[in-house]
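In the working numbering, the protein residues as written are 17 to 196.
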């Protein structure tokens, strides 16, 4: 069950014998409710135990190594602040960064091998939590005297020139480059 509130509701209804079917002038538990009640109540107790253990988490004792997927620019831009905040809260935690294709990243996030991914991930599934950290704009850098520098650079003029893409494989930016 995705919604734990259903378990709490079932517990309250079961306790008060309100998970029911009408029998003459009173309500009694439906046969299926009677059948599944022990399993659901046991599950709820396990959830409570897990919750009480989570409340005891002390970040200062955390020795976990967090795996972050980011490209070199993410390491330069985001990693220093991330490390500063992490080590202030969890001084014994560690960070391991990895790179990889978008597909490898999505697989790593869904299997738990990657804890956090920073970057352009255009095919991110909706069941993975995401937050916009920053947005960026592409710029065109060219040598002084380049023909494109003579007047305002438009997308049409840019596309009309020969292109060379130098980038390690696996970045989501390749989708943008192919579309140009």
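Where a beta carbon is used, it is the ideal one built from N, C-alpha and C, also for glycine.
Buried or exposed for residue i, please, with buried defined as at least 16 other CB atoms from any protein chain shown within 10 angstroms of its CB.
i           : result
residue 108 : exposed
residue 161 : exposed
residue 89  : exposed
residue 99  : exposed
residue 85  : buried
residue 182 : exposed
residue 17  : No answer about residue 17 holds up, because its pLDDT of 41 lies below 50 and its placement is not dependable.
residue 130 : buried
residue 171 : exposed
residue 177 : exposed
residue 157 : exposed
residue 165 : exposed
residue 180 : exposed
Under 8 Å by Cβ, that's how I've got residue i and residue j pegged, so tell me the actual separation to the nearest angstrom.
i           : j          : result
residue 128 : residue 87 : The pair is not a contact, with the Cβ atoms about 21 Å apart (cut-off 8 Å).
residue 122 : residue 82 : Residue 122 to residue 82, Cβ: 18 Å. No contact.
Identify which residue in the options has its Cα closest to the Cα of residue i.
i           : options         : result
residue 111 : 91, 126, 124    : 91
residue 151 : 65, 50, 94, 173 : 94
residue 146 : 49, 63, 126     : 126
residue 105 : 76, 70, 149     : 76
Note the first and the last residue of the continuous beta strand (DSSP E) segment covering residue i.
i           : result
residue 114 : 110-114
residue 85  : 81-85
Let's see if you can read the secondary structure: which residues bound the alpha helix (DSSP H) around residue i?
i           : result
residue 90  : 88-93
residue 175 : 171-175
residue 126 : 118-127
Is the number of C-beta pairs between the stretch 135-154 and the stretch 116-127 that are closer than 8 Å three or more?
The stretch 135-154, when compared against the stretch 116-127, does touch it at the 8 Å Cβ threshold.
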